Amino acid sequence: MNTSSITRVRELVTSGVMTKAGLARAAGLHANTLRDCTEDTWNPTAETLAKLEGFLVANDERPVLASIEEIIDEARNGRMYILVDDEDRENEGDLIIPAQMATPQAINFMATHGRGLICLALAKARVDHLNLQPMSRNNKESMQTAFTISIEAKEGVTTGISAADRARTISVAIDAAKGPDDLVTPGHVFPLMAREGGTLVRAGHTEAAVDISRLAGLNPSGVICEIMNEDGTMARLDDLVTFARRHDLKIGTIRDLIAYRMRND
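Residue numbers (my numbering): 15 to 279.
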C-alpha cells in the first residue's frame, strides 16, 4: 500500500465515513487492528496493508458501505438492506426490509440467501395490541431477544410456511385495522418485541429494524433474517461485503444508527 492509500484509510476514519473497527472488519481484519491508524507512528504489517488495499480497490468499484441516511432512503424506497452490530455483541449482519414492503419475493430471498431465522420486529405498542405473550417468562437468552409466541394469519394462508403465507401473516400483524382475533398461534412467523427507546436502549437488530422504518416514515416494524455463509457459519463483515456486492445491497451499522439518533432524535 502506498502513501496515498494510507492517507485514504485515515481520511475514511477521520471524516466519520467509517469507524476504525468498521473499516478493519470490512477488510477482514480484527476490529482493533486500526486503533492507531491515525497516528504518525502507525506501522501496519504487510498482511494488514494487503487486505486494506484489496478493500479500497473493491469499494471503489462497487461501494456497499453506506451512511444511515442512505440506509433510511433504501428503506423508504422498499429496498432490503443489511445492518451489522458490534464485534463485542453478536457480530452478525441481518437482512432487513420494512415489514410493509415484505413481499413473498422478499421473504423467499431471505430464506434462500440469508438462511437464518425470519422474524418480525414490532414496536411494544403493537405487541401489546395483538396480545402477543412472551415465548418464555424467564428469558435467559444471552442477548435478551424478546421473542413472543409465533403467529399465523387466521385467514388467507394454507400451511403457513410458504413465502406467500408468511408475507400474508406479516401484513396482517402490522395492519392497524387487524387485532388478536385475526391471528392464530402457534405459527410460522416469529415476532420480536423492540424495547421502548429503540437502539438508544438496546443495540439490537430488532430495535434497529423498527428505528429505521420509523425514521423512513413507514410502519414501525421490520422483517429481519440473520445471514449465514454457505458452510453454515455466521457471516462476518468481510463476508457481508462480498454478499452485499453479489446482491446489490447496502450495508449500515447499528453503531452509526445510534449516533444518528443521538444527533437527530
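All C-beta atoms, glycine included, are put in the ideal place defined by N, C-alpha and C. What you are looking at is a predicted structure, and each value in this text was computed from that prediction instead of being measured.
Where residue i falls: helix, strand or coil (DSSP)
i: H44; result: coil
i: E12; result: The structure shown does not extend to residue 12, since the chain is modelled only from 15 through 279, so no value can be given for it.
i: G246; result: coil
i: A135; result: strand
i: R280; result: One cannot answer for residue 280 here, as it falls past the ends of the chain, which runs 15 to 279.
Presumed contact (8 Å Cβ cut-off) between residue i and residue j, rounded CB distance
i: S235; j: A113; result: 4 Å
i: L97; j: I86; result: Contact flag wrong, Cβ pair sits at about 11 Å.
i: C239; j: D54; result: Incorrect: roughly 44 Å between the Cβ atoms, too far for contact.
i: R259; j: V78; result: 6 Å
i: I165; j: A187; result: 6 Å
i: A80; j: K264; result: 4 Å
i: D99; j: I226; result: Not a contact, Cβ separation roughly 13 Å.
i: A177; j: I241; result: With 8 Å as the limit, A177 and I241 do not qualify as a contact, their Cβ atoms being about 17 Å apart.
i: D253; j: N243; result: 6 Å
i: A181; j: T117; result: 6 Å
i: K34; j: R49; result: 6 Å
Residue i versus residue j - alpha carbon distance
i: A137; j: N57; result: 47 Å
i: E169; j: D196; result: 7 Å
i: M11; j: E221; result: Missing from the structure shown is residue 11; the chain here goes from 15 to 279 and no further.
i: D142; j: G212; result: 16 Å
i: G68; j: R24; result: 16 Å
i: Q158; j: E210; result: 14 Å
i: F161; j: P148; result: 6 Å
i: E216; j: R275; result: First, the residue type needs correcting, since residue 216 is Arg and not Glu in the sequence shown. Taking the straight line joining both Cα atoms gives about 13 Å.
i: G42; j: T183; result: 38 Å
i: T256; j: R250; result: 10 Å
i: G218; j: I272; result: 11 Å
i: T247; j: T21; result: 34 Å
i: N270; j: K192; result: Looking at the sequence itself, residue 270 is Asp, so the reference to Asn does not match. If I take the Cα positions, the gap works out to 34 Å.
i: E40; j: E84; result: The sequence shown places Ala at residue 40, not Glu. When rounded, the distance between both Cα atoms is 18 Å.
i: G128; j: R93; result: 15 Å
i: H261; j: E75; result: 15 Å
i: A208; j: T17; result: 45 Å
i: D179; j: L144; result: 19 Å
i: L229; j: G266; result: 14 Å
i: N278; j: G36; result: 22 Å
Terminal residues of the beta strand (DSSP E) in which residue i lies
i: D225; result: Per DSSP, D225 belongs to no beta strand (DSSP E); it is in the alpha helix (DSSP H), H219 to L229.
i: D108; result: G107 to P112
i: V98; result: Y95 to V98
i: L79; result: Note, L79: premise wrong, no beta strand (DSSP E); not H, not E.
i: T267; result: I265 to T267
Span of the alpha helix (DSSP H), counted from its first residue to its last, around residue i
i: L197; result: Where L197 is concerned, there is no enclosing alpha helix (DSSP H), although the beta strand (DSSP E) it sits in stretches over L197 to M207.
i: D74; result: A60 to E75
i: V237; result: Not the alpha helix (DSSP H): V237 falls in the beta strand (DSSP E), residues S235 to I241.
i: T21; result: T17 to T28
i: I184; result: A177 to I188
i: L254; result: L251 to H261
i: Q119; result: P118 to F123
Is it a yes or a no for the stretch 115–134 touching the stretch 203–222, going by three-plus beta-carbon pairs under 8 Å? Contact between the stretch 115–134 and the stretch 203–222 is established, with three or more Cβ pairs separated by less than 8 Å.
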